[in-house]
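Engineer: Taken in order, these protein sequences are the chains called A and B.
Sequential numbering of the first sequence, starting at 0, is according to numbering that gives the first Met the number 0.
Sequential numbering of the second sequence, starting at 0, is according to numbering that gives the first Met the number 0.
There are 2 protein chains.
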Amino acid sequence: MEVFEFIQGMARTDENLIQSAEELDKAIDHIVQLIQDSCSLYLSGSYPSSAFLSITACEEVAKAHIGSFTYGQHPDKKGRNMFRDHKTKHQMAALPTVPMGQRLEEAIGKVELQRIMKTAQNGGFVQVRENAIYFQRKNDKLVIPSEKIDKELARALALFAIEVFDDALVGLTNHSYEMDDITDKLFEQIKNT
Amino acid sequence: MEVFEFIQGMARTDENLIQSAEELDKAIDHIVQLIQDSCSLYLSGSYPSSAFLSITACEEVAKAHIGSFTYGQHPDKKGRNMFRDHKTKHQMAALPTVPMGQRLEEAIGKVELQRIMKTAQNGGFVQVRENAIYFQRKNDKLVIPSEKIDKELARALALFAIEVFDDALVGLTNHSYEMDDITDKLFEQIKNT
Numbered sequence: 000m001e002v003f004e005f006i007q008g009m010a011r012t013d014e015n016l017i018q019s020a021e022e023l024d025k026a027i028d029h030i031v032q033l034i035q036d037s038c039s040l041y042l043s044g045s046y047p048s049s050a051f052l053s054i055t056a057c058e059e060v061a062k063a064h065i066g067s068f069t070y071g072q073h074p075d076k077k078g079r080n081m082f083r084d085h086k087t088k089h090q091m092a093a094l095p096t097v098p099m100g101q102r103l104e105e106a107i108g109k110v111e112l113q114r115i116m117k118t119a120q121n122g123g124f125v126q127v128r129e130n131a132i133y134f135q136r137k138n139d140k141l142v143i144p145s146e147k148i149d150k151e152l153a154r155a156l157a158l159f160a161i162e163v164f165d166d167a168l169v170g171l172t173n174h175s176y177e178m179d180d181i182t183d184k185l186f187e188q189i190k191n192t
Numbered sequence: 000m001e002v003f004e005f006i007q008g009m010a011r012t013d014e015n016l017i018q019s020a021e022e023l024d025k026a027i028d029h030i031v032q033l034i035q036d037s038c039s040l041y042l043s044g045s046y047p048s049s050a051f052l053s054i055t056a057c058e059e060v061a062k063a064h065i066g067s068f069t070y071g072q073h074p075d076k077k078g079r080n081m082f083r084d085h086k087t088k089h090q091m092a093a094l095p096t097v098p099m100g101q102r103l104e105e106a107i108g109k110v111e112l113q114r115i116m117k118t119a120q121n122g123g124f125v126q127v128r129e130n131a132i133y134f135q136r137k138n139d140k141l142v143i144p145s146e147k148i149d150k151e152l153a154r155a156l157a158l159f160a161i162e163v164f165d166d167a168l169v170g171l172t173n174h175s176y177e178m179d180d181i182t183d184k185l186f187e188q189i190k191n192t
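Rendered as structure tokens:
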């Protein structure tokens with residue numbers, strides 16, 4: 000797997016981004032807050048802002064997951080930190096384990112799940128992320144976020160972010176199980192919309 | 000004023016970012032949605048995500064305001080669009096007219112208002128924006144957004160974003176007055192917290 004090779008190639012130092020279980024728990028609290036914010040905006044009908052926060056949650060999961068054994072220095076490009084690169088974070092979030100569970104596939108369907116995985120892996124989340132908060136001129140027309148991100152996409156991204164969190168971080172600390180109760184409830188709530 | 004000189008120096012073409020009153024109204028709807036999202040997250044106690052969306056609203060106001068007479072090409076640096084540069088957008092949002100009104104100064108105090116204006120003008124919003132959604136390692140400690148953005152800062156930024164919108168865009172179209180009713184109510188609601 001390309002993304003695994005990439006992660007394997009990262010510089011390992013004692014200066015990891017996350018250096019203790021307590022720090023991981025802090026990062027988890029922050030990620031669950033992002034997921035809660037995403038879900039509450041989704042439920043109030045603000046789909047683009049919700050989608051933006053779902054993608055941000057995925058980025059932060061990737062940092063917390065991989066950051067336990069690296070500070071993020073790029074293996075080839077000196078001075079560049081991968082945790083500041085959106086596309087790399089999206090790829091590290093969409094690990095092959097994510098679509099293996101049943102829950103997400105049942106909630107959004109196999110085709111949509113594969114589409115979301117591909118979008119994250121090929122860099123497409125970068126564009127979705129920008130479409131979600133910025134208006135822009137495209138083909139001689141002004142396009143605003145609500146025209147680019149609909150309910151279906153925001154729903155899929157919120158559920159995807161929860162699954163990404165669950166897959167990468169839940170189980171690593173006792174606290175992560177407690178936070179999982181919150182995100183499991185949100186998953187059910189969003190699924191039934 | 001430096002920011003005025005900068006705006007004066009922008010390339011003027013027929014290819015403006017915003018090309019009609021209808022397009023400006025669409026941008027206004029999008030900006031008011033960002034403000035509403037920011038306020039609802041603030042009111043639910045999620046201060047960092049609120050602060051991020053307040054700053055995003057300021058950026059979009061600057062684009063809608065200045066984008067009516069330029070596409071954003073940088074006067075000096077070819078190929079660079081100023082509407083993609085966070086610092087420039089923050090400077091164009093924090094115009095000298097913003098602190099002139101009474102409402103914002105009464106709500107957050109003169110000292111805090113001057114501090115926010117300076118932060119926007121000297122590029123400090125860029126850091127606040129990142130602090131609001133990303134955890135990071137600082138001085139050998141993991142720092143998460145809730146440790147960087149408190150209620151007071153989120154409140155000031157939400158009120159600031161509303162005033163920036165009000166100052167730059169309200170009055171330009173009939174629709175802008177209708178949307179102003181929404182943001183005026185939010186201003187009062189946030190002010191009384």
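Glycine included, each C-beta is placed from N, C-alpha and C at the ideal position.
For Gln120(A), which option in Ser145(A), Pro98(A), Lys137(A) and Met91(A) has the closest C-alpha, if you only look at C-alpha atoms?
Structural biologist: Nearest of Ser145(A), Pro98(A), Lys137(A) and Met91(A) to Gln120(A), Cα basis: Met91(A).
Engineer: Check the Cβ-Cβ distances between Glu59(B) and every residue of chain A, and say whether any is below 9 Å.
Structural biologist: Taking Cβ atoms only, chain A reaches closer than 9 Å to Glu59(B), which makes this a yes.
Engineer: Classify Pro95(A) as buried or exposed, calling it buried when 16 or more other Cβ atoms lie within 10 Å of its own Cβ.
Structural biologist: Exposed: under 16 other Cβ atoms inside 10 Å.
Engineer: Taking a contact to mean a Cβ-Cβ separation below 9 Å, would you say Leu52(A) touches Leu33(A) in this structure?
Structural biologist: Yes; because the gap between Cβ atoms is below 9 Å, this pair is in contact.
Engineer: Given that Ala20(B) touches chain A, what residues does it touch there, using C-beta distances under 7 Å?
Structural biologist: Within 7 Å Cβ-Cβ: nothing; Ala20(B) doesn't reach chain A, min ~11 Å.
Engineer: Give a yes or no on whether 9 Å exceeds the smallest Cβ distance from Phe164(A) to chain B.
Structural biologist: Closer than 9 Å: no.
Engineer: In whole angstroms, give me the CA-to-CA distance for Ile27(B) and Asp179(B).
Structural biologist: Answer to the nearest angstrom: the Cα atoms are 10 Å apart.
Engineer: Which of the three DSSP states, helix, strand or coil, is assigned to Arg136(B)?
Structural biologist: Residue state, collapsed to three classes: strand.
Engineer: Checking the sheet assignment: what are the DSSP bridge partners for Gln18(A)?
Structural biologist: None; Gln18(A) has no bridge partner.
Engineer: Does the CB of Gln32(A) have a neighbour CB from chain B at under 9 Å?
Structural biologist: Cβ-Cβ to chain B under 9 Å: yes for Gln32(A).
Engineer: Could you please tell me which residues of the segment 174-189 of chain A, in chain order, have their CB closer than 8 Å to any CB of chain B?
Structural biologist: So the list is empty, because no residue satisfies the distance condition.
Engineer: Check whether the Cβ atoms of His174(A) and Asp75(A) sit closer than 9 Å, and answer yes or no.
Structural biologist: No; because the gap between Cβ atoms is not below 9 Å, this pair is not in contact.
Engineer: Tell me, please, which residues DSSP counts as bridged to Leu141(B).
Structural biologist: DSSP lists Arg136(B) as partners of Leu141(B).
Engineer: Let me see if you follow: with CB-CB separation under 9 Å, is Asp28(A) close to chain B or not?
Structural biologist: True, the Cβ-Cβ gap to chain B drops below 9 Å.
Engineer: Alpha carbons only, please: which of Phe159(B), Val60(B) and Ile189(B) is nearest the one belonging to Arg114(B)?
Structural biologist: Nearest option by C-alpha distance: Phe159(B).
Engineer: From Glu59(B) to Pro47(A), what distance separates their C-alpha atoms?
Structural biologist: Near 14 Å, if we compare the C-alpha coordinates of Pro47(A) and Glu59(B).
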